[in-house]
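> In the numbering used here, the protein residues as written are 1 to 379.
Attaching a single structure in structure tokens format; questions to follow.
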């Protein structure tokens with residue numbers, strides 16, 4: 001695992017924009033999609049990442065079942081109004097894309113270590129699935145890449161197409177300044193359409209509720225029977241229509257399912273350590289402070305906000321609106337690299353199967369302005 005210097009394509013901005021990556025640059029004009037460098041892995045290193053991803057998914061399945069069986073949903077700060085719905089969905093296994101991204105720390109030797117699991121609304125998807133593959137094909141056509149993500153997504157959408165009688169699949173995201181969520185959900189729509197599914201895009205705020213018919217409707221008053229949302233469940237159930245969302249679960253197919261509230265919650269990291277102490281792919285994580293260098297992070301935080309590195313040289317912290325819901329404390333894993341070139345490996349799964357990696361670089365804390373850097377497999 002080594003970082004290699006690369007020469008950006010002269011038309012890289014235009015090329016990635018054509019692929020849909022409209023936020024290719026950061027607010028200061030520096031690259032977000034950064035092809036000035038790439039990370040090179042050997043085939044054996046990719047096998048190690050793949051095996052770690054399979055194992056971590058196995059651990060999450062076991063931990064989720066443990067939480068359900070031992071009635072520990074309340075420990076995760078999940079509202080009581082959601083508990084039965086989560087249990088029902090976990091047991092029933094409704095149609096689900098079941099997309100996730102394990103964020104891993106690794107220096108290319110020993111076992112990769114889990115930082116967290118983005119299991120509900122993972123982003124950097126288009127970059128990982130499409131943009132870095134296009135870059136590799138243009139500049140390193142003879143090289144390989146750990147990346148079957150696009151094909152896996154299309155195949156999964158084909159498997160879980162909404163049932164007959166469902167008019168279409170609605171794909172919803174929150175409108176936000178960067179456009180990241182909008183483009184990510186549009187990419188989901190492209191994959192679903194390639195799988196033969198009729199789709200419609202809609203903003204979360206434009207979804208209405210018909211009080212007489214007791215179902216959600218689009219702007220034309222049509223019933224929405226299948227909804228893929230890029231919007232956190234913990235926000236959805238506490239919005240003004242949270243009670244109606246729970247009511248709708250019997251008649252509306254929500255993707256991803258409400259049981260994803262289990263896996264997207266970082267309190268699960270402490271439960272994993274409790275169940276599998278000393279596991280080589282886990283870092284010690286507890287709900288109370290540890291001894292030694294550690295990272296404090298909110299159980300429902302997002303994009304590296306409100307994270308603190310404690311007890312290490314060069315302590316760091318990030319601002320944000322999270323933390324009131326509680327924290328976990330995780331043993332510090334020093335990232336390789338220097339300055340703002342420290343990589344976090346995002347290992348993607350589609351319905352539990354490894355589907356590729358994407359790499360973001362930042363300083364000690366990987367935030368929402370971290371750069372995305374492509375990768376290669378080399379002998």
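Using N, Cα and C, we set each Cβ at its ideal position, and we do this for glycine too.
#1: Taking the alpha-carbon of residue 161 as reference, which of 197, 250, 270, 35 has the nearest alpha-carbon?
#2: What is the DSSP secondary structure of residue 238, counted as helix, strand or coil?
#3: According to DSSP, simplified to helix, strand and coil, what is residue 382?
#4: Helix, strand or coil: how does DSSP classify residue 60 here?
#5: At the level of alpha carbons, what is the spacing between residue 9 and residue 41?
#6: Excluding the 5 residues preceding and the 5 following residue 199 in the sequence, name in chain order all residues of the same chain whose CB lies nearer than 8 angstroms to its CB.
#7: Straight-line CA distance for residue 5 to residue 37?
#8: For residue 215, write down the residues that DSSP places opposite it in a beta bridge.
#9: Straight-line CA distance for residue 276 to residue 51?
#10: Give the straight-line distance between the Cα atoms of residue 126 and residue 229, rounded to the nearest whole angstrom.
#11: Thinking C-beta only, is residue 74 closer than 8 angstroms to residue 349?
#12: Between residue 248 and the rest of its own chain, which residues show a CB-CB distance below 7 angstroms, the 5 nearest in sequence each way excluded?
#13: What span of residues does the alpha helix (DSSP H) with residue 341 cover, start to end?
#14: Would you identify the three-state DSSP class for residue 25, choosing helix, strand or coil?
#15: Touching or not, the stretch 171–186 and the stretch 230–242, by the rule of three or more beta carbon pairs under 8 angstroms?
#16: Please report the distance separating the alpha-carbon of residue 149 from that of residue 105.
#17: Can you look up residue 220 in the DSSP assignment and give me helix, strand or coil?
#18: Short check: CB of residue 356 to CB of residue 98, under 8 angstroms?
#19: Residues in its own chain within less than 8 angstroms of residue 238 by CB, not counting five upstream and five downstream?
#20: Would you mind reading off the limits of the alpha helix (DSSP H) that contains residue 82?
#21: Between the Cα of residue 338 and the Cα atoms of 309, 202, 345, 362, which residue gives the shortest distance?
#22: Cβ of residue 253 within 8 angstroms of Cβ of residue 222?
#23: Is residue 120 near residue 264, with beta carbons less than 8 angstroms apart?
#24: Using CA coordinates, which residue listed in 109, 96, 308, 257 is at the minimum distance from residue 155?
#25: What does a CB cutoff of less than 7 angstroms around residue 22 pick up in its chain, not counting 5 residues either side in sequence?
#26: In terms of residues, what are the limits of the alpha helix (DSSP H) holding residue 191?
#27: If you drop the 5 nearest sequence neighbours on each side, which residues of the same chain put their C-beta closer than 6 angstroms to that of residue 144?
#28: The alpha helix (DSSP H) spanning residue 158 covers which residue range?
#29: By a C-beta neighbour count over all protein chains shown, 10 Å radius and 16 as the cutoff for buried, is residue 24 buried or exposed?
#30: Considering Cα atoms alone, identify which of 103, 201, 94 is closest to residue 163.
#31: State yes or no: is the C-beta of residue 270 within less than 8 angstroms of the C-beta of residue 287?
#32: Using the three-state DSSP reduction, which class does residue 116 fall into: helix, strand or coil?
#33: Residue 236 to residue 140, Cα distance in whole Å?
#34: State the start and end residues of the unbroken beta strand (DSSP E) segment that holds residue 255.
#35: Mind checking residue 159: buried by the 16 CB within 10 Å criterion, or exposed?
In brief:
#1: 197
#2: coil
#3: Since the first residue of the chain shown is 1 and the last is 379, residue 382 is not available in this structure.
#4: helix
#5: 22 angstroms
#6: 168, 169, 170, 171, 189, 192, 193
#7: 4 angstroms
#8: 210
#9: 17 angstroms
#10: 16 angstroms
#11: no
#12: 215, 216
#13: Residue 341 -> no alpha helix (DSSP H), and no H or E assigned at all.
#14: strand
#15: yes
#16: 21 angstroms
#17: coil
#18: no
#19: 79
#20: 80–92
#21: 362
#22: no
#23: yes
#24: 96
#25: 179, 183
#26: 180–194
#27: 377
#28: 149–159
#29: buried
#30: 94
#31: yes
#32: strand
#33: 43 angstroms
#34: 253–255
#35: exposed
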